[in-house]
Amino acid sequence: MVYILLAPGFEEAEALVPADLLRRAGVPVALVGVEEELVPGSHQIEVKADLPLGKVDLTQADMVVLPGGLKGVRNLSEHPAVAALIQEALDRDIWLAAICAAPTLLGRLGHLKGKQAVCYPGMENGLTNAIPCPEQAVVVDGKFITGRAAGASFDFGLKLVEVLAGAGKAEEIRNAVCYR
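Numbering (this note's numbering), first residue to last: 1307 to 1486.
Structure, rendered in structure tokens:
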């Protein structure tokens, strides 16, 4: 199961493109409403969450995904249960994926120390003690996957498919959606 956390102000493309690609690959995905069931995105697109944050079961998880969006990431960082969920995911050796502004949340929590990572250009100071890779669209280091911005949503989503379902499945999905 992949849990994609949605807080008010999340960047829609960074949440929904990976969700779509993962589901096409047959990977179970749950959109998680951090604060409410109908979650407004940064561009006023409301998304209905599949379940609330309190129903996340990391014993069944393969990955937790943190979409960006400045307001969305701020709301994620201000929710006390989110940091605990991230720590539990790390303790259970579950993949953590974050894109755009969201890698800075992992950085501020101290989880990217010594890890290569990418985030939205100009926000690299938030990658506390990480090794910034600003020229990359997507970076994988250990069980962390980071993506640059909304424009990297397809590359990011396909990388999630690759690590969970294999390179062949990622290539199959890439071809099915006519992506490069």
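The C-beta atom is built at its ideal place from N, Cα and C for all residues, glycine as well.
* Environment of Cys1484 [buried if 16+ CB atoms lie within 10 Å] -> exposed
* Asp1461 burial status per 10 Å Cβ neighbour count (16 or more: buried) -> buried
* To do: Might you give, ordered along the chain, the residues of its own chain that have their beta carbon closer than 8 Å to the beta carbon of Glu1343, omitting 5 neighbours on each side?
  => Lys1354, Ala1355, Pro1358
* Same chain, Cβ closer than 7 Å to Gly1432, five either side skipped, listed in chain order -> Thr1410, Gly1413, Arg1414, Cys1425
* **8 Å Cβ cutoff met for Cys1406 and Gly1332** => no
* For my contact list, Arg1329 and Val1338 are in at a C-beta cut-off of 8 Å; report their separation, rounded to the angstrom. => Between Val1338 and Arg1329 the Cβ distance is about 15 Å, and since that is not below 8 Å, they are no contact.
* Are Lys1449 and Asp1399 closer than 8 Å when you measure CB to CB? -> yes
* Measuring CB to CB, does Pro1314 end up less than 8 Å from Gly1378? -> yes
* What's the gap between the Cα of Val1323 and the Cα of Gly1463? -> 6 Å
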